[in-house]
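Heads up: the protein sequence lines correspond to chains A and B, in order.
Under this note's numbering, think of the first position of the first sequence as 5, with each following residue one higher.
Under this note's numbering, think of the first position of the second sequence as 5, with each following residue one higher.
Think of the CB as a built atom: it goes at the ideal place given N, C-alpha and C, for glycine as much as any other residue.
Protein chains: 2
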Amino acid sequence: MSASGQQGRKPRADVQRNRAALLEAAQRHFLRYGVGTSLEAVAKEAGVGPGTLYRHFPTREALLAAVLQTRSEELVARQEEIARLGDADKALEQWLRALEEYFSAFSGLPEPLMAAARALDPGNPLTVPCDILTTATDEYVRAAQRTGTVRESVQGYDLFLAACSVAWIKGTGATDEEALNRLRALIASGYRERGDQM
Amino acid sequence: MSASGQQGRKPRADVQRNRAALLEAAQRHFLRYGVGTSLEAVAKEAGVGPGTLYRHFPTREALLAAVLQTRSEELVARQEEIARLGDADKALEQWLRALEEYFSAFSGLPEPLMAAARALDPGNPLTVPCDILTTATDEYVRAAQRTGTVRESVQGYDLFLAACSVAWIKGTGATDEEALNRLRALIASGYRERGDQM
DNA sequence: ACCTGAACACCGTTCAAGT
DNA sequence: ACCTGAACACCGTTCAAGT
């Protein structure tokens with residue numbers, strides 16, 4: 005409405021510095037302590053007061069979404085590389101693994117992502133990456149369906165959920181890699197058209 | 005070691021009363037606020053000090069495990085009823101739904117259960133129900149494998165994980181019932197031998 | 001316009017003092 | 001032997017005071 009700084013093109017230098025410091029500190033803390041890390045500690049490490057953190061990122065989700073942006077872009081970059089594989093079935097499989105790794109970036113990440121997956125709360129900033137990734141998954145699914153390797157009843161969202169589940173299980177540490185592989189195989193065998201290669 | 009009350013057969017009347025009151029209050033709070041509810045509030049509602057709660061249940065998991073015991077027994081009761089179905093494939097399917105409901109008893113329950121699933125921490129009291137339920141699942145799986153409807157590579161633990169995942173997804177509210185059904189169908193189609201009924 | 005940091009609320013957990 | 005509840009530590013969040 006007014007000529008406030010909201011849309012201004014020249015944020016003050018200290019504002020930019022604070023934002024960058026916050027993002028860097030947040031990423032470090034998310035990596036080390038998971039998404040539930042103390043925001044107070046993040047602010048302290050960024051060298052700002054807690055109020056400054058809340059001004060820049062009004063919720064934990066907003067901070068998370070900002071930190072995730074880089075990773076989402078990297079994932080999209082991989083998307084093009086994967087698509088070049090030619091084999092739609094193989095591409096879908098690879099994509100699901102890439103998704104899973106994305107969900108495993110920080111301990112506890114699947115939880116807030118799932119909470120944002122259904123766009124019930126339009127204010128949740130995590131809805132953005134969820135939408136993008138679900139849409140991308142859907143493209144892979146449809147490509148594979150066109151070649152007849154994936155069942156028609158499967159939706160991209162279903163496999164988005166499945167990949168998130170596997171990442172969640174991995175994060176809880178409830179399984180070794182072998183059990184995870186059996187689970188992945190079970191899911192793959194679930195979405196594939198019958199009569200395929202084992 | 006000593007003649008302490010640890011093994012005594014006659015717990016003091018107030019001890020029994022406190023324990024019962026704590027369990028009842030805890031169940032109410034778990035139901036209403038999920039497994040992360042304030043233990044301080046539980047103690048207050050039970051009419052005891054926080055110290056008393058910690059004396060009876062040294063960790064949140066211990067309290068949870070005690071509250072879950074009733075439900076586990078109910079589930080085992082259902083197990084016998086389900087087994088009477090005759091059709092091993094149908095029985096497995098029903099059992100997995102019963103498992104899923106068990107995991108959905110309290111919001112946030114899948115998380116601590118998964119953390120206890122792999123018996124890495126022998127002190128975790130939640131390992132007990134996990135072991136029982138995994139073993140039970142394995143029996144259903146093997147019965148179905150004998151009739152040839154379930155793939156040989158599937159283990160009971162895999163489906164235990166899968167059921168827990170579905171409950172977790174349901175708990176995050178990320179989906180409507182329709183998407184959950186697609187997911188359940190995907191899992192079923194994943195563990196079933198190929199060439200079966202759709 | 002933005003930052004600071006004190007202040008408030010809330011909770012988990014412990015432990016000295018009681019009975 | 002068990003209970004009580006004050007006390008400590010920690011964190012999220014807000015907001016009056018500063019620059």
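- Task: Ignoring anything shorter than 3 residues or poking outside the region 79-156 of chain A, list the beta strand (DSSP E) runs there in chain order.
- Result: none
Notebook entry, point to check: With Ala92 of chain A and Ala148 of chain A assumed to form a contact (beta carbons below 8 Å), what rounded beta-carbon distance in angstroms separates them?
Noted result: Confirmed, about 4 Å.
Selected residue, minimal CA-CA separation from Phe164 of chain A, among A:Ala95, A:Ala66 and A:Ala121: Relative to the Cα of Phe164 of chain A, the nearest Cα in the group A:Ala95, A:Ala66 and A:Ala121 belongs to A:Ala121.
Suppose the cutoff is 8 Å on Cβ atoms and the five residues either side in sequence are ignored; what does the same chain contact list for Arg82 of chain B look like? Ala102
Proximal residues to Trp99 of chain A (C-beta, below 8 Å), its chain only, five neighbours per side dropped = Gln83, Ile86, Ala140, Thr141 and Tyr144
Exercise. Quick one: does Tyr58 of chain A have its CB under 7 Å from some CB of chain B?
Worked result: Not an interface residue.
Fill in: Interfacial residues, the region 184-199 of chain A to chain B, with Cβ spacing under 8 Å
So the close ones are Arg186, Leu187, Ala189, Leu190, Ile191, Ala192, Ser193, Gly194, Tyr195, Arg198 and Gly199.
Can you confirm whether Glu182 of chain B, when its beta carbon is compared against all beta carbons of chain A, has any partner nearer than 7 Å?
no
For Glu156 of chain B, count neighbouring Cβ atoms within 10 angstroms of its own Cβ and tell me buried if that reaches 16, exposed if not. exposed
task = Measure the beta-carbon distance from Ala70 of chain B to Leu27 of chain B and round it to whole angstroms, keeping in mind my assumption that it falls under 8 Å.
result = 6 Å
Quiz item: Start and end of the alpha helix (DSSP H) containing Ala178 of chain A?
Solution: Note, Ala178 of chain A: premise wrong, no alpha helix (DSSP H); not H, not E.
message = By the 8 Å beta-carbon criterion, what residues does the region 21-49 of chain B contribute toward chain A?
response = none
At a Cβ threshold of 7 Å, is Ile136 of chain A touching chain B? no
* Listed in chain order, which residues of the region 144-161 of chain A have Cβ atoms closer than 8 Å to some Cβ of chain B? -> Arg155, Ser157, Val158, Gln159 and Tyr161
Rounded separation between Cys134 of chain B and Leu117 of chain B - CA only:
The alpha-carbon atoms of Cys134 of chain B and Leu117 of chain B are separated by roughly 7 Å.
Backbone CA spacing between Thr63 of chain B and Val80 of chain A [nearest angstrom]: 43 Å
* Bounding residues of the alpha helix (DSSP H) (the contiguous stretch that carries Gly55 of chain A) -> Where Gly55 of chain A is concerned, the enclosing alpha helix (DSSP H) starts and stops at Pro54 to His60.
Does DSSP classify Gln11 of chain B as helix, strand or coil? Per-residue confidence for Gln11 of chain B stands at a pLDDT of 47, beneath the threshold of 50, marking its modelled position as unreliable; no derived number is given.
>> Assuming the contact rule is C-beta atoms closer than 8 Å, Ser111 of chain B and Gly175 of chain B should be a hit. Round their C-beta distance to whole Å, please.
In response: About 6 Å; that satisfies the 8 Å criterion.
- Which listed residue (B:Gly38, B:Tyr195, B:Leu35 and B:Arg21) has its alpha carbon closest to that of Gly152 of chain B: B:Tyr195
Exercise for the section: Could you name the residues of the same chain whose beta carbon sits closer than 8 Å to that of Ala1 of chain A, not counting the 5 residues immediately before and after it, in chain order? Expected result: This structure does not reach residue 1 of chain A, given that chain A is present from 5 up to 202, and the question cannot be answered.
| query | If you measure from the beta carbon of Ala119 of chain B to each beta carbon in chain A, is any gap under 7 Å? | reply | yes
Between Leu72 of chain B and Arg198 of chain B, what straight-line distance do the alpha-carbon atoms span, to the nearest angstrom? 37 Å
For Gln20 of chain B, the first and last residue of its enclosing alpha helix (DSSP H): Ala17 to Tyr37
- Got a sec: is the Cβ-Cβ distance from Thr176 of chain B to anything in chain A below 7 Å? Yes, Thr176 of chain B counts as interfacial toward chain A.
- Task: Please say whether Glu104 of chain B and Ala167 of chain B have beta carbons closer to each other than 7 Å?
- Result: yes
**Item:** Classification of Ser42 of chain B by the beta-carbon crowding that lies within 10 angstroms, buried from 16 upward
**Value:** exposed
#### Entry: Neighbourhood of Ala30 of chain A by C-beta distance below 6 Å, restricted to the same chain and skipping five residues each side
Val46, Leu67 and Val71
>> Does Thr74 of chain B pass the burial test, meaning 16 or more other C-beta atoms within 10 Å, or should it be called exposed?
In response: By the 10 Å Cβ count, Thr74 of chain B comes out exposed.
| Neighbouring residues, chain A, relative to Leu103 of chain B (Cβ below 8 Å) | Residues of chain A passing the Cβ test: none, with the nearest at roughly 15 Å.
Just to check my reading of the structure: Gln159 of chain B and Arg186 of chain A have Cβ atoms closer than 8 Å, yes? What is that Cβ distance to the nearest angstrom? The Cβ separation is near 7 Å, so the contact holds.
Item to complete: May I ask you to list the residues that DSSP assigns as paired with Arg188 of chain B?
Response: Answer by DSSP bridge pairing: none, since Arg188 of chain B is not bridged.
- Beta-carbon contacts of Tyr161 of chain A that lie in its chain and below 6 Å, excluding the five residues immediately before and after: Thr138
Discussion item. If we define contact as Cβ-Cβ less than 7 Å, is Ser169 of chain B a contact residue for chain A?
Written reply: yes
(request) Report buried or exposed for Arg15 of chain B, applying the criterion of at least 16 other Cβ atoms within 10 angstroms of its Cβ. (result) As written in the sequence, residue 15 of chain B is Pro, which differs from the Arg given in the question. Classification for Pro15 of chain B: exposed.
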